[in-house]
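Let me begin by presenting the structure, written as structure tokens, before commenting on it.
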Amino acid sequence: MPELPEVETIAQGLREAVGRRIVGAEVRWARTIAAPDPTVFVQRLVGRRLLGVGRRGKWLVIRLEGGDHLLIHLGMSGRLVLEPEGVGEERYARVLLMLDDGRRVRFSDPRKFGRAVLTVDPEEVLEGLGPEPLGEAFTPERLREMLAGRRARLKPLLLNQRFLAGLGNIYTDEALWRARVHPLRRSDTLSGEEVLRLHRAIREVLAEAIDRRGTTLEDRGYVGADGRPGTFNRELAVYGRVGRPCPRCGTPIERIVVGGRGTHLCPRCQQA
DNA sequence: AAAGCACCCTGTACGC
DNA sequence: TGCGTACAGGGTGCTT
972 MPELPEVETI AQGLREAVGR RIVGAEVRWA RTIAAPDPTV FVQRLVGRRL LGVGRRGKWL
1032 VIRLEGGDHL LIHLGMSGRL VLEPEGVGEE RYARVLLMLD DGRRVRFSDP RKFGRAVLTV
1092 DPEEVLEGLG PEPLGEAFTP ERLREMLAGR RARLKPLLLN QRFLAGLGNI YTDEALWRAR
1152 VHPLRRSDTL SGEEVLRLHR AIREVLAEAI DRRGTTLEDR GYVGADGRPG TFNRELAVYG
1212 RVGRPCPRCG TPIERIVVGG RGTHLCPRCQ QA
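Just so it is clear: in the first sequence, position 134 is 1105 by the working numbering, and no numbers are missing.
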């Protein structure tokens, strides 16, 4: 699933197309377009030049000439690929943007959970998001305050985009493992030392994953905008590694369900 | 505020 | 071989 590092990787790849003009657009699955109406969506895109590509949490923010912003959330199975001219059709293509150099931006999404929004005011979509985990404002002290003001279990809290923007199931489990805290720990019970470890773990795991261009699991197919897979899966300590030894202590990794989400942990390193 | 659940989707795994 | 069913998962919305 595309989480912060995957979306960041895609944003970087998409910057390749900055300066190009959209000469055509096609919506093949109307519900992928959250707003405006798909017909209006296409009308407003065509003729616009791409001015910049950014990211906020798991949202991709594409700034367009004329003041519009194309926001894209990849959901679970979304891919955004900048493809050269002459590439064949793809079964799961939901939205296509034709560029003036012949290339196309293809938004593919087998499970149809992804969404695109065209808006002049991105804040309208993004304002509810929590802080950027890699941003300057996300300090250990800030995290301490955030955690102290809540009393939820860590795992669902870290997955909550209104609390912190960008973590998904993979990096939440990896960060908790690195910090050596249990996913069921209540947020307001962490010691100062544990908060520091968690803060550091979140930032390090995300930064390393960006360096590796994200995580591509064998059974799922995330790829960057250039079509290349990420390699952070080689660094995963717990996610999808049930029964395999903890890289730190050798204890077999366990899987529990928290808030309906599969959750991976080392029962020895991460004591409840 | 926290937590549980249904829902949106479909590929895959699994039992028969 | 093929069918039915459960499940995964990000996010939203509703209910308790």
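Ideal placement from N, C-alpha and C gives every residue a C-beta, glycine not left out.
Can you tell me the Cα-Cα spacing of Ser1158 and Glu1116, whole angstroms? Position 187 of the first sequence, counting from 1, holds the residue named residue 1158. Position 145 of the first sequence, counting from 1, holds the residue named residue 1116. Taking the straight line joining both Cα atoms gives about 10 angstroms.
Arg1077 and Glu1061 - do their beta-carbons sit closer together than 8 angstroms? In the first sequence, residue 1061 corresponds to position 90, counting from 1. In the first sequence, residue 1077 corresponds to position 106, counting from 1. Against a cut-off of 8 angstroms, the Cβ pair of Arg1077 and Glu1061 comes out as a contact.
Pick from Pro1007, Pro1111, Thr1003 and Val1058: whose alpha carbon is nearest that of Glu1164? The residue given as residue 1164 occupies position 193 in the first sequence. Taking only the C-alpha atoms, the option nearest Glu1164 is Pro1111.
One question on the structure: do Gly1106 and Pro976 come within less than 8 angstroms of each other, judged by their Cβ atoms? For the purposes of this step, residue 1106 is taken as residue 135 along the first sequence, with counting starting at 1. For the purposes of this step, residue 976 is taken as residue 5 along the first sequence, with counting starting at 1. Not closer than 8 angstroms, so no.
Under DSSP, the alpha helix (DSSP H) around Trp1148 begins and ends at which residues? For this step, residue 1148 is matched to residue 177 along the first sequence. From DSSP, the alpha helix (DSSP H) with Trp1148 extends over Asn1140 to Ala1150.
Would you kindly work out how many angstroms separate the C-alpha atoms of Pro1238 and Arg1205, rounded to a whole number? Position 267 of the first sequence, counting from 1, holds the residue named residue 1238. Position 234 of the first sequence, counting from 1, holds the residue named residue 1205. Each residue's alpha carbon lies about 21 angstroms from the other.
Report the three-state DSSP secondary structure of Val1013 (helix, strand or coil). As a first step, residue 1013 must be located in the first sequence, where it is residue number 42. Of the three classes helix, strand and coil, the one that applies to Val1013 here is helix, per DSSP.
Going by C-alpha distance, which of Arg1020, Arg1034 and Arg1019 is nearest Arg1026? Within the first sequence, numbered from 1, the residue matching residue 1026 stands at position 55. Arg1026 has its Cα closest to that of Arg1034, out of Arg1020, Arg1034 and Arg1019.
Among Leu1118, Ala1172 and Val1166, which residue has its Cα nearest to the Cα of Asp1144? Residue 1144 sits at position 173 when you count from the first residue of the first sequence. Closest option to Asp1144, Cα to Cα, is Ala1172.
Would Leu1068 pass as a contact of Pro1104 if the rule is Cβ separation under 8 angstroms? Position 97 of the first sequence, counted from the start, is the residue given in the question as residue 1068. Position 133 of the first sequence, counted from the start, is the residue given in the question as residue 1104. No, they are not a contact pair.
Where Val1096 and Leu1041 are concerned, what is the direct C-alpha to C-alpha distance, given to the nearest angstrom? By 1-based counting over the first sequence, the position of residue 1096 is 125. By 1-based counting over the first sequence, the position of residue 1041 is 70. Those two C-alpha atoms are separated by around 11 angstroms.
As an exercise, report each continuous beta strand (DSSP E) stretch of at least 3 residues that is fully enclosed by the region 1039 to 1086, in chain order. 1040 to 1044, 1050 to 1054, 1064 to 1070 and 1075 to 1079
Selection from Leu1118, Glu1036 and Pro1009 that minimises the alpha carbon distance to Val1166: For the purposes of this step, residue 1166 is taken as residue 195 along the first sequence, with counting starting at 1. Measuring from the Cα of Val1166, the nearest candidate turns out to be Leu1118.
Just how far apart, CA to CA, sit Arg1219 and Ala996? By one-based count along the first sequence, residue 1219 stands at place 248. By one-based count along the first sequence, residue 996 stands at place 25. So the two alpha carbons sit approximately 50 angstroms from each other.
Trp1030 - partner residues in DSSP beta bridges: The residue you call residue 1030 lines up with position 59 of the first sequence. DSSP, once it has assigned bridges, lists Arg1027 and His1044 as partnering Trp1030.
Of the residues Trp1000, Ala1001 and His1153, which one's Cα is nearest the Cα of His1169? To locate residue 1169, count along the first sequence from 1; it is residue 198. A quick correction: the sequence has Leu, not His, at residue 1169. The candidate whose alpha carbon is nearest that of Leu1169 is His1153.
Skipping 5 residues on each side, what residues in its chain have a beta carbon closer than 7 angstroms to that of Arg986? Indexing the first sequence from 1 puts residue 986 at position 15. If we look at Arg986 and ignore the five residues flanking it on each side, its Cβ neighbours are Val1024.
Got a sec? Which residues, its chain only, sit under 6 angstroms from Arg1215 by beta carbon, not counting five neighbours each side? For this step, residue 1215 is matched to residue 244 along the first sequence. Contacts found: Ile1224.
Nearest CA to the CA of Gly1221: which residue from Ile993, Val1209, Ile1227 and Glu1098? Position 250 of the first sequence, counted from the first residue, corresponds to residue 1221. When only C-alpha atoms are compared, the closest one is Val1209.
Per-residue DSSP class, three states only, for Glu1103: Numbered from its first residue, the first sequence carries residue 1103 at position 132. Looking at Glu1103 - three-state DSSP - the assignment turns out to be coil, as it is neither helix nor strand.
Need the endpoints of the alpha helix (DSSP H) that Val1166 sits in, please. Taking the first sequence and counting its residues from 1, the one referred to as residue 1166 is at position 195. Gly1163 to Asp1182 is the extent of the alpha helix (DSSP H) around Val1166.
For the candidate residues Arg1002, Arg1183 and Leu1155, whose alpha-carbon lies nearest to that of Pro1127? Here residue 1127 refers to the residue found at position 156 when the first sequence is read from its first residue. Of the candidates Arg1002, Arg1183 and Leu1155, the one whose C-alpha sits nearest the C-alpha of Pro1127 is Leu1155.
Going by C-alpha distance, which of Gly1101, Thr1160 and Pro1007 is nearest Asp1092? As a first step, residue 1092 must be located in the first sequence, where it is residue number 121. The shortest Cα separation from Asp1092 among Gly1101, Thr1160 and Pro1007 belongs to Pro1007.
Using 7 angstroms as the cut-off, classify the Cβ of Glu1036 as near or not near the heavy atoms of the ligand PLP, replying yes or no. The ligand PLP is not part of the structure shown, which contains no ligands of any sort.
Between Val1228 and Asn1140, what straight-line distance do the alpha-carbon atoms span, to the nearest angstrom? Start at 1 with the first residue of the first sequence, and residue 1228 comes out as number 257. Start at 1 with the first residue of the first sequence, and residue 1140 comes out as number 169. When rounded, the distance between both Cα atoms is 11 angstroms.
Opposing strand residues paired with Ala1006 [DSSP bridges]: The residue labelled residue 1006 in the question sits at position 35 within the first sequence. Val1088, per the DSSP bridge assignment.
Let's test the definition: count the other Cβ atoms within 10 Å of the Cβ of Val1052 and tell me whether it reaches 16, buried, or not, exposed. Walking along the first sequence from the start, residue 1052 turns up at place 81. Val1052 should be labelled buried.
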